[in-house]
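Let me begin by presenting the structure, written as structure tokens, before commenting on it.
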Amino acid sequence: MKTIDLNCDFGESFGVYRLGKEEILPYITSVNIACGFHAGDPLVMRQTVQLAIRHGVAIGAHPGFPDLLGFGRRMMAVSPEEVYAYVVYQIGALAAFVKAEGGVMTHVKPHGALYNMAAKDARISEAIAKAVYDVDPTLILYGLAGSELIRAGQAQGLQTASEVFADRTYQADGSLTPRSDPQAIIADEDEAVKQVLMMVCDRHVRSVQG
């Protein structure tokens, strides 16, 4: 029988802004917790770690660009050295809360524009993989299936998890359709389920180009 990790981004509230609902926690197996750059704040990070531990959900860091206004979805001109520092900083922040609450951090998944850049840019993906390895070589690196990030993680000696999306459409090259495209999101639940079954059972996906 095939099993999958049902993963979800979480802890994206900050200040007076509330995003996401904890009611989904009983139905997922792992969370990627925002670390304060694109979303989240120290109080939300701690509360989200507590919730994840309470529900027995695997905890991962979700580092992104320092871009609250753009929710980390805007591309930034950054060097590999900057990316390395951003990722180490954010993993360290979440790891402190996880340790304080008696939990275990299991993985790292980049967010938004950083995730998309790492899927195609070898220098960015290598910086992320090195940052994860240098902080904790036992952490699993999540990345888009078939991406540069997965290759960089494996080359660095990390365990990797190749990710597919239920509610996002794909381009012919295997990349995600940009959110600016009207076809980027699959809103129909039945279509999302159909895509997941195709990816998991048949190991392929239909692109928007057909």
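Position one of the sequence shown corresponds to residue 0 (numbering that gives the first Met the number 0), numbered consecutively onward.
Ideal Cβ positions, reconstructed from N, Cα and C, are used throughout, including at glycine.
Just so we're clear, the structure is a prediction, and the values are computed from it rather than from any experiment.
Buried versus exposed call for residue i [16 or more other C-beta atoms within 10 Å across all chains shown]
i	result
P25	exposed
P109	buried
L93	buried
A171	exposed
V146	Here residue 146 turns out to be Ser, not Val, going by the sequence shown. Classification of S146: buried, given that the 10 Å Cβ count is 16 or more.
C34	buried
Nearest-angstrom Cβ-Cβ length linking residue i and residue j, presumed shorter than 8 Å
i	j	result
V107	P62	7 Å
V48	V103	So it is not a contact: roughly 11 Å between Cβ atoms.
A60	I27	Rounded, the Cβ-Cβ distance is 16 Å, inconsistent with contact.
R255	R72	Outside the displayed span of the chain (0 to 209) sits residue 255, for which this structure offers no information.
Residue i versus residue j: straight-line alpha-carbon distance, rounded
i	j	result
G152	I90	16 Å
A117	T176	15 Å
I3	I139	15 Å
A160	A144	8 Å
A95	V86	14 Å
S29	Q208	31 Å
P41	R17	14 Å
R150	E81	20 Å
S12	G39	5 Å
I184	T137	33 Å
From the options, residue whose alpha carbon lies closest to that of residue i
i	options	result
A84	H37, K129 and L157	K129
A165	V192, V134 and Y141	V192
E162	E80, S174 and A183	S174
A57	A99, C7, G35 and R45	C7
G14	M44, I52 and L5	M44
Q182	E188, R167 and V195	R167
Opposing strand residues paired with residue i [DSSP bridges]
i	result
D8	N31
T159	L140
I58	V30 and M104
L175	Y169
I149	The partner list for I149 (beta bridge, DSSP) is empty, contrary to what the question assumes.
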